[in-house]
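Data first, discussion second: the structure below is written as structure tokens.
Residue numbers (the numbering used here), protein chains in the order written: chain A, 452 to 855; chain B, 866 to 1038.
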């Protein structure tokens, strides 16, 4: 219709011009030159980012479940709500680790020579934040656990010296990479135990199939030595999730599917179970934590943010409909914050004036919120397919929260 | 309008082809040729296709639905929707030889069965009928009952995950 109307308009104007020109045969004038300067010729450029990540930038991991070969991490500016760039991750993308200086992202990836088939290569690649280009890399044994993303399957020591990669073939072992020398150290058997929860520059805890915890240490060359093992701390019927929360240098909260909390300290090299408490109070037994990343701990305030939903056994991956906020030191809930959009992932920036982030698997949207009341500040939409885990960067100098 | 014109032209040409005498003779010739060629081939080359194994007689429900009883602990793409069935991998994929187990109650007979959730492997994710129910599923450090893991381990084709089976292996009780 528009083209038809325009055509009629042009025909009318043309007729008017013919009539006018037949009356007055003045010479035709050249069109007046436009009064604005002409556009300058352009050069093609490539954007560069900052040298290190500001506190309110965020890494948004997309496992791309329907196209698992194409995992990736997006980088967004949560203050402005803008998309900044992307880092490719490969098959079964787990997430990234930040180098302690915040200048590099360490990206473990799995690739096949012919797309979805052919020789498998597992590799850690360093991407400089400045240009997001692949830099140095270390090829590791092709045994990296392929699973829904767990950041504790790819931890970095607090000083950034070693990266640990949990293997599952289904034999369980840990690959160690010297992240400073960018060399493979070796592979170490960890029978019956999985993941690595860092408890110091050279120590960590593993979770074992019988519900016990295994301590382990690294020496200065990166060799792992297994240490003490606890008695089983959790029931088979209500196991601790594989997503514990680090609340101190050597202290972690292990939280069961039903919301029972046990604090464990590995300062001595032997994991010691301390305080036990529950996320739910009387009359709240129907509520449970759930999602792919149900917990976010804000160290400066000592507050734990938990995605909670109503549901029974088997709902540990269900999205949260409320955010419950706990004072970890007092083991008390201080707020219940309903959210308008359910979420499977929650994260909080690590600065003193933080932003709270949530995302729902499959939505492609990160919601930026005020931590005090979970009110929505802004949304960043169009972020791929299947957002798994969110990662706020470290804000302090090296050795302060480099590994999640 | 141009799109309608092209569609009309396509329909007209298709109708002309399917109704012309030359078209009929052409198809007859093709049939005769194919029949003759088939009879000349060795038997081993004309073996029948291998169909997906359907659900058993004493079962109820739709295996293309996430609500189907065998899927009580599954997390992934249902092979029933991907060219296979609850116990057959789609063509060109390889079943994982090791896997994790769940226990589901068959509503048709009231019995609990051990279900083996083998993955079918070697191709990119099917992407159809994503189903996550997680009943009895455990964290990855208890792998024999964990459904967050890619179980395409020990296959010849590699760990690329395509879809999930739900195979009855026997009674749980």
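Even for Gly, the Cβ is constructed at its ideal location relative to N, Cα and C.
Quick one: using the 10 Å Cβ neighbour count with 16 as the cut-off for buried, is residue i buried or exposed?
i                       : result
residue 977 of chain B  : exposed
residue 727 of chain A  : exposed
residue 785 of chain A  : exposed
residue 600 of chain A  : buried
residue 739 of chain A  : buried
residue 779 of chain A  : buried
residue 1026 of chain B : buried
residue 988 of chain B  : buried
residue 821 of chain A  : exposed
residue 481 of chain A  : exposed
residue 768 of chain A  : buried
residue 573 of chain A  : buried
residue 550 of chain A  : buried
residue 719 of chain A  : exposed
residue 648 of chain A  : buried
residue 606 of chain A  : buried
residue 981 of chain B  : buried
residue 827 of chain A  : exposed
residue 446 of chain A  : Given a span of 452 to 855 for chain A in the structure shown, any question on residue 446 of chain A remains unanswerable.
Indicate the three-state DSSP secondary structure (helix, strand or coil) for residue i in the structure shown.
i                       : result
residue 896 of chain B  : Model confidence at residue 896 of chain B stands at a pLDDT of 35, short of 50, so the residue's coordinates are unreliable; what they give is reported in the following sentence. Residue 896 of chain B: helix per DSSP, three-state reduction.
residue 624 of chain A  : strand
residue 608 of chain A  : coil
residue 1035 of chain B : strand
residue 1008 of chain B : helix
residue 1016 of chain B : coil
residue 952 of chain B  : coil
residue 934 of chain B  : helix
residue 1028 of chain B : strand
residue 663 of chain A  : coil
residue 602 of chain A  : helix
residue 991 of chain B  : coil
residue 644 of chain A  : strand
residue 945 of chain B  : helix
residue 563 of chain A  : strand
residue 748 of chain A  : strand
residue 997 of chain B  : strand
residue 834 of chain A  : coil
residue 493 of chain A  : coil
residue 963 of chain B  : coil
residue 772 of chain A  : strand
residue 634 of chain A  : strand
residue 846 of chain A  : coil
residue 1021 of chain B : coil
residue 672 of chain A  : coil
residue 809 of chain A  : strand
residue 732 of chain A  : coil
residue 841 of chain A  : strand
residue 929 of chain B  : coil
Flag this pair as yes or no: are the beta carbons of residue i and residue j separated by less than 9 angstroms?
i                       : j                       : result
residue 678 of chain A  : residue 721 of chain A  : yes
residue 580 of chain A  : residue 546 of chain A  : no
residue 1024 of chain B : residue 597 of chain A  : yes
residue 960 of chain B  : residue 984 of chain B  : yes
residue 755 of chain A  : residue 749 of chain A  : yes
residue 523 of chain A  : residue 513 of chain A  : yes
residue 990 of chain B  : residue 942 of chain B  : yes
residue 986 of chain B  : residue 1020 of chain B : yes
residue 506 of chain A  : residue 801 of chain A  : yes
residue 945 of chain B  : residue 929 of chain B  : yes
residue 766 of chain A  : residue 790 of chain A  : no
residue 1037 of chain B : residue 964 of chain B  : no
residue 819 of chain A  : residue 807 of chain A  : yes
residue 732 of chain A  : residue 762 of chain A  : no
residue 636 of chain A  : residue 673 of chain A  : yes
residue 604 of chain A  : residue 557 of chain A  : no
residue 517 of chain A  : residue 541 of chain A  : no
residue 940 of chain B  : residue 999 of chain B  : yes
At a threshold of 8 angstroms, does residue i count as lining the ligand FMN (C-beta to nearest heavy atom)?
i                      : result
residue 931 of chain B : This structure simply doesn't include the ligand FMN, nor any ligand for that matter.
* To do: Would you check if the segment 830-844 of chain A and the segment 783-799 of chain A touch, i.e. whether three or more CB-CB distances between them fall below 8 angstroms?
  => yes
* Asked: Where in the segment 512-550 of chain A do unbroken runs of the beta strand (DSSP E), each at least 3 residues long, occur, reported from the N-terminal end onward?
  -> Entirely contained in the segment 512-550 of chain A, the beta strand (DSSP E) runs reaching 3 residues are, in chain order, 522-528 and 533-541.
* Asked: If we count Cβ pairs, one from each stretch, closer than 8 angstroms, do we get three or more for the segment 999-1010 of chain B versus the segment 578-593 of chain A?
  -> no
* Three or more beta-carbon pairs under 8 angstroms between the segment 634-645 of chain A and the segment 613-622 of chain A, yes or no? -> yes
* Asked: Can you find at least 3 beta carbon pairs, one from the segment 606-614 of chain A and one from the segment 628-639 of chain A, that sit closer than 8 angstroms?
  -> yes
* Inspect the CB distances between the segment 489-496 of chain A and the segment 809-817 of chain A and report whether three or more fall short of 8 angstroms. => no
* Note down, one range per segment and in chain order, each beta strand (DSSP E) of at least 3 residues found wholly within the segment 685-716 of chain A. => Unbroken beta strand (DSSP E) runs of no fewer than 3 residues, entirely contained in the segment 685-716 of chain A, are found at 702-706 and 711-716, following chain order.
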